[in-house]
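*Asks:*
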Amino acid sequence: MSSHHHAQKELIKELQRKNGSLSEEEARKWIELLWEDFEATRAKAGRKYRGSEMTEQIVRQWVTHYGAHLDEFIATNPKFNKYFGE
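The opening position of the sequence shown corresponds to residue 1 in the UniProt record's numbering, with each subsequent residue numbered one higher.
#1: So, do the region 18 to 30 and the region 66 to 82 have three or more beta carbon pairs nearer to each other than 8 Å?
#2: Is the closest heavy atom of the ligand SAM to the C-beta of G51 under 6 Å?
#3: Whose CA, out of K9, W62 and E36, lies closest to the CA of G51?
#4: Count the other C-beta atoms from every protein chain shown that fall within 10 angstroms of the C-beta of E56, then say buried if there are 16 or more, exposed otherwise.
#5: Over the uninterrupted alpha helix (DSSP H) stretch that includes H69, give me the two end residues.
#6: Could you tell me whether the Cβ atoms of F38 and I12 are closer together than 7 Å?
#7: Tell me where the alpha helix (DSSP H) around T41 begins and ends.
Set out below in structure tokens:
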């Protein structure tokens, strides 16, 4: 298993601890979406790729600060809403 996948599995567990209302599948979707969104945004901004460690660090910060409320965020953000079928 790559370090990227291992990091995402750890982030999924961490997100579920922060937000008990998320299923494992929902937590996985959130981590994948946040991960991809961060990397795509950096690329669009012309920033140099700094590796999966940087992405993991940023996504972990988001989980720490916003994880307990991510499910509430769906209602106000159509960008993510479409992935959860609500």
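Built from N, CA and C at the ideal position, the CB exists for glycine as well.
*Replies:* Checking against the coordinates, here is how it stands:
#1: yes
#2: No copy of the ligand SAM appears in this structure; indeed no ligand is present at all.
#3: E36
#4: buried
#5: Counting along the chain, H69 falls outside any alpha helix (DSSP H), and DSSP gives it neither H nor E.
#6: no
#7: E24 to K44
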